[in-house]
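Residue numbers (this note's numbering), protein chains in the order written: chain S, 1 to 318; chain V, 1001 to 1318.
For glycine and all other residues, C-beta sits at the position ideal for the given N, C-alpha and C.
Since we're looking at a predicted model, the values are computed, not measured.
Next comes the structure, spelled out in structure tokens:
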């Protein structure tokens, strides 16, 4: 097989996938236009995905192109998605592209597998026109109703709807900020002492990296880590909330690649327990080898990073 | 978008995906041929998937073609895969095609998400040439080492390596039977009282369906079901075994579609707890609405079944 074929084949492949989803969309529109659904039709409808720009159709866009923010994209353009996902997809299950971030949704746990963002000094800069108070948490209709988390699942659960792509990372436009409020981008987090404190400190730290690095790529997601019990055996145990059994992760991870103007890369990986963390705990304590996040999450991060560009992992030279 | 385009677009898309995997395979072969791996190369290699016929390349094969076993396939031919998957893929995450069944692998839990089989009277008939005692449990090198379950994980765990695609369902050729012994097709099961008893009875029941139905499609997999604890909250809890933290599912499901010569379909769905079940428990007790398996598994089964063909669910007319 001649390898020169790949780019064009992949382009065509991408078109095929998009076409499929577009076809499904049209089919669904037909149903709604008829507006006369009997029970059987409803049942059939329940088995069709509502669709939105889902699986990105840009596999042939070269990752080698420089990542610079040219203009504010309000829809998930192939160009912007290829920027965000420059260093590879951790997995390809139920991928959704929003205006300024990309995620993979875990239908069994009703939270994301991973959420990928690309930050620059410009995209995180304070912007008076963007007001997160105007954003509403909303369920994502593109997820099949069986697997869709709802605000009601979180209501009175004792947990915050914790952003994976932080609202504060998406300040170029109100829509960017608003998109981070889709429940597909949320997981139940301990509020006081975690989401509003230690986790928030980590988010601020990531934003701050844009002061010293041209491009910051960050992938965030939940973990369900085992612990040993008195019987000497290891167990994974986590709460589920609401009618849809939304999983409360035991931990969260962030894995970051920061790119200097010279194209050098520094990687950092963090795992934080979903619990109250005292304010004087330094973030560095939560640094872990990137590999341990990969093993626990079942994902491979930054697969396309050129190892020659990688100069530091968790602050240490490699 | 003209819908007549879809079949050819999908064909091209499939080719693209297969090409990609084939390319990756060739790339890997190169590494091995060089046979001079330094540490950096090894680390890079670790981030490449070892590959085998993985993502099926047959999306354009019509599901309308009659499913008849023409000859014994020893490799996962597009034709055979399209037979097995006639009624749709439950999901597309890490799909692997073996000689006589297809599965999707859960890299986080190191067990399958789902395993799909197509059975006929011929394929399950006693065959003196096939001896399951000659089959060895073996790990699947096509799974990245971070996520690959090993025999050592099961050793002395107290759990059986429980087949999802049952060995007894694949008797046309020794290779069919041998392929069911890949650890990707296993999940830890309680041995005495479950794997060797109630679960085995369910497997025999499914095989027996081939006496009355031309084609039997069965999808099998693990579940992790929540339970309420004394604090009134719901939790998902399961043991993990071995160095690779292989998940011990709390339950297993089977969802079956049996097709008569007239093309009429009957569906049955079962959920069984992974625990000792007394021999006098009738299998019917474990029947559940197919929807409840879908919600718990995060999967959609038999999505492409024409609802007009479906005449019974769990023995009741629909």
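| If you compare alpha carbons, which of S:112, S:214, S:149 is closest to residue 83 of chain S? | S:214
* Asked: What residues in its chain sit with their C-beta under 7 Å from that of residue 1279 of chain V, if we drop five residues either side in the sequence?
  -> 1197
Residue 1237 of chain V in three-state terms, based on DSSP | strand
For this session: Report the neighbours of residue 1240 of chain V on chain S: residues whose CB is nearer than 8 Å to its CB, in chain order.
Result: 226, 234, 235, 236
- If we count Cβ pairs, one from each stretch, closer than 8 Å, do we get three or more for the region 241-249 of chain S versus the region 284-295 of chain S? no
Quick one: Cα of residue 1073 of chain V to Cα of residue 116 of chain S, how far? 42 Å
Q) Near residue 1029 of chain V, what residues of its chain come up, given a Cβ to Cβ distance below 8 Å and the 5 sequence neighbours on each side ignored? A) Low per-residue confidence applies at residue 1029 of chain V: pLDDT is 46, beneath 50, and the placement is therefore not dependable, though the value from the model is reported in the following sentence. Excluding sequence neighbours, residue 1029 of chain V sits near nothing in its chain.
| query | Taking Cβ-Cβ distances shorter than 8 Å, what residues in chain S pair up with residue 1144 of chain V? | reply | 300
Quiz item: From residue 1178 of chain V to residue 1193 of chain V, what does the alpha carbon distance come to, in whole angstroms?
Solution: 25 Å
Notebook entry, point to check: Any Cβ of chain V within less than 9 Å of the Cβ of residue 291 of chain S?
Noted result: yes
_When you compare the CB positions of residue 1191 of chain V and residue 1231 of chain V, do they come within less than 9 Å of one another, or not?_
no
query = How should residue 239 of chain S be labelled, buried or exposed, when 16 other C-beta atoms within 10 angstroms of its C-beta is the threshold for buried?
reply = buried
key: Rounded Cβ spacing between residue 1111 of chain V and residue 1226 of chain V (contact assumed at less than 8 Å)   = In fact, because the Cβ distance is near 18 Å, the residues do not count as touching under 8 Å.
#### Entry: Paired residues, beta bridge with residue 1258 of chain V - DSSP
V:1216, V:1266
Start-to-end residues for the alpha helix (DSSP H) that takes in residue 1174 of chain V
1174-1179
Next item on the list: Inspect the CB distances between the region 1258-1274 of chain V and the region 258-266 of chain S and report whether three or more fall short of 8 Å.
Entry: no
Next item on the list: Kindly list the residues whose CB is nearer than 7 Å to the CB of residue 1189 of chain V, restricted to its own chain and excluding five residues on each side of it in sequence; keep chain order.
Entry: 1159, 1160, 1162, 1195, 1199, 1274
- Query: Could you check where the alpha helix (DSSP H) with residue 959 of chain V kicks off and where it finishes?
  - Reply: With chain V covering 1001 to 1318 only, the question about residue 959 of chain V has no answer from this structure.
Inset, instruction - Please confirm whether residue 1079 of chain V and residue 1301 of chain V have their CB atoms less than 9 Å apart. - result: no
If residue 268 of chain S sits next to residue 314 of chain S, beta carbons under 8 Å apart, how far is it from one beta carbon to the other, in whole angstroms? 5 Å
Check your understanding: With a Cβ-Cβ cutoff of 9 Å, do residue 1165 of chain V and residue 1098 of chain V count as a contact?
Key -> yes
Taking Cβ positions only, does residue 1294 of chain V come closer than 9 Å to chain S? yes
| task | Have a look at the DSSP bridge pairing and note the partners of residue 117 of chain S. | result | S:101, S:218
Item to complete: Under 8 Å between beta-carbons, which chain S residues line up against residue 1297 of chain V? List them in chain order, please.
Response: 108
* Asked: In whole angstroms, what separates the C-alpha of residue 55 of chain S from that of residue 169 of chain S?
  -> In this prediction, residue 55 of chain S has a pLDDT of 48, which is less than 50 and means its spatial position is unreliable; nothing more can be read from the coordinates.
Kindly indicate which residue of V:1216, V:1235, V:1121, V:1285 has the alpha-carbon position closest to the one of residue 1265 of chain V.
V:1216
Exposure label - residue 1184 of chain V; buried when at least 16 CB within 10 Å:
buried
State yes or no: is the C-beta of residue 254 of chain S within less than 9 Å of the C-beta of residue 218 of chain S? yes
Neighbour list for residue 1314 of chain V in chain S, Cβ cutoff strictly below 8 Å:
Neighbours of residue 1314 of chain V on chain S: none; closest Cβ ~16 Å, over 8 Å.
Quick check on residue 1285 of chain V: does DSSP put it in helix, strand or coil? helix
| task | Using the Cα positions of residue 1299 of chain V and residue 1089 of chain V, report the straight-line distance between them to the nearest angstrom. | result | 9 Å
I'd like to know whether the C-beta of residue 1122 of chain V is nearer than 9 Å to at least one C-beta of chain S. no
Take the Cβ of residue 180 of chain S as the centre, count every other Cβ of all protein chains shown within 10 Å, and call the residue buried at 16 or more, exposed below.
buried
task = With 8 Å as the C-beta to C-beta threshold (strictly closer), list the residues of the region 1140-1170 of chain V near chain S in chain order.
result = 1144, 1146, 1147
Closest Cβ-Cβ distance between residue 1131 of chain V and chain S: below 9 Å?
-> no
Q) Looking at the C-beta of residue 91 of chain S, does it have a partner C-beta in chain V at a distance below 9 Å? A) yes
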